Amino acid sequence: MKTLLAQRLGLGALNALALLVAAYAFLAYALWPPGHMVGEKMQAAFSAHPVLIYGHVFAAALALALGPWQFSSRLRRARPQVHRWIGRTYLGVGVLVGGVFGLLLSRFAQGGAVGQIGFALLAVVWLYTGLRGWLAIRAGSVAEHRQWMLRNQALTLAAVSLRIYVSLALATPWPFEPLYAAIAWLCWVPNLLLAEWWLRRAAGQAWVSTMHR
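Under this note's numbering, the first residue of the sequence shown is numbered -3, with each subsequent residue one higher.
Printed below as a string of C-alpha cells:
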C-alpha cells in the first residue's frame, strides 16, 4: 500500500513538473524572441534559426503537456476516443515535429561534437520510439504499444531533466560548455534506462504472479 502511494505521489510530481515546463516554454517563447531565455553563447544560434526554434519548442511543449493524459487509465477507459485523439496529436505534432526540428537544431547545440551528437541521438530515439508505439497500436498490440509509449514519454521528459541540469550547471563555478556536453546525454539516457528498468520489473512481477496461480 505504501509503495503504491509513493509511486502515485512520484508520478503526480513528475506530471506536475512536465506541465510546468510546458507552460513555461509556451509563455517564454510566445512573449519573448528566440534566445531571450538562454545564455549569450546560445543566443546567436537561436536568433539565426527562429523557425526551427519555435517549431521544436512549441511541439515539444505540446508533447510535454499531453503526455501525462496519455497514461491516465481513467481517461482511457471512460473516453477512449479522447485518448486516441490525444495520442494522435502527441505523436503526429508533438513528437514528429519536435523530433525532426530537434534533429535539425542539434548541429547548432553547445557542447561541441559531444553535445551535438547527444542531442541528435535524443531526437532520433524519440522519433523511433514514437514510430514503434504507433506501429504497435496500428497492429492491435496494445501491450507493446504501451511499452513503447512509456519509453517515448521518458524521452519527452528529457525537457524537464534538461532544465534541472542546466540550472544546476549554471550554479556551479565550472565552465558551462563541457557541462552542457554532458547534459546533452544526462538529460535522456538515465530516463530511458529507468523506463527499461520499470518495464522489466513489471514483466518480472507479471511472470511471478502467473507462476503462483
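Just so you know, even glycine gets a beta-carbon here, dropped at the ideal spot from N, CA and C. Note that the structure is a prediction, hence the values are computed from the model and not measured.
Can residue i and residue j be called in contact, C-beta distance under 9 Å?
i: residue 100; j: residue 58; result: no
i: residue 197; j: residue 17; result: no
i: residue 89; j: residue 123; result: no
i: residue 177; j: residue 83; result: no
i: residue 104; j: residue 180; result: no
i: residue 87; j: residue 136; result: no
i: residue 91; j: residue 148; result: yes
i: residue 183; j: residue 127; result: no
Could you tell me the alpha carbon to alpha carbon distance between residue i and residue j, rounded to whole angstroms?
i: residue 66; j: residue 72; result: 8 Å
i: residue 207; j: residue 171; result: Its pLDDT being 36, under 50, residue 207 is placed unreliably by the model, and the measurement read from it follows with that caveat. When rounded, the distance between both Cα atoms is 54 Å.
i: residue 187; j: residue 150; result: 5 Å
i: residue -2; j: residue 153; result: Here the model assigns residue -2 a pLDDT of 49, short of 50, so the residue's position is not dependable and the matter cannot be decided.
i: residue 113; j: residue 15; result: 27 Å
i: residue 218; j: residue 61; result: Only positions -3 to 209 of the chain appear in this structure, which leaves residue 218 out of reach.
i: residue 195; j: residue 142; result: 10 Å
i: residue 45; j: residue 191; result: 33 Å
i: residue 24; j: residue 156; result: 15 Å
i: residue 199; j: residue 56; result: 30 Å
i: residue 164; j: residue 76; result: 40 Å
i: residue 204; j: residue 43; result: Residue placement at residue 204 cannot be trusted, given a pLDDT of 40 that sits under 50; what the coordinates show is reported in the next sentence. Each residue's alpha carbon lies about 55 Å from the other.
i: residue 166; j: residue 109; result: 21 Å
i: residue 138; j: residue 54; result: 29 Å
i: residue 162; j: residue 133; result: 36 Å
i: residue 20; j: residue 64; result: 16 Å
i: residue 68; j: residue 146; result: 12 Å
i: residue 70; j: residue 140; result: 20 Å
i: residue 74; j: residue 173; result: 48 Å
For residue i, which residues from the same chain have a beta carbon less than 8 Å from its beta carbon, with the 5 sequence-adjacent residues on both sides left out?
i: residue 168; result: 175
i: residue 193; result: none
i: residue 121; result: 151, 184, 188
i: residue 85; result: 58, 62
i: residue 81; result: none
Starting from the C-beta of residue i, find all residues in its chain whose C-beta is less than 7 Å away, skip the five residues before and the five after it, and write them out in chain order.
i: residue 52; result: 94, 97, 98, 101
i: residue 111; result: 105, 176, 177, 180
i: residue 209; result: Note that residue 209 scores a pLDDT of 47, beneath 50, so its modelled location is shaky; the value from the coordinates is reported in the next line. Within the same chain, residue 209 has no close Cβ partners at all.
i: residue 144; result: 125, 128, 129, 132
Residues in its own chain within less than 6 Å of residue i by CB, not counting five upstream and five downstream?
i: residue 22; result: 57
i: residue 13; result: 156
Where are the alpha helix (DSSP H) runs, 4 residues long or more, that stay fully inside the segment 86 to 146, in chain order? 92 to 101, 108 to 134
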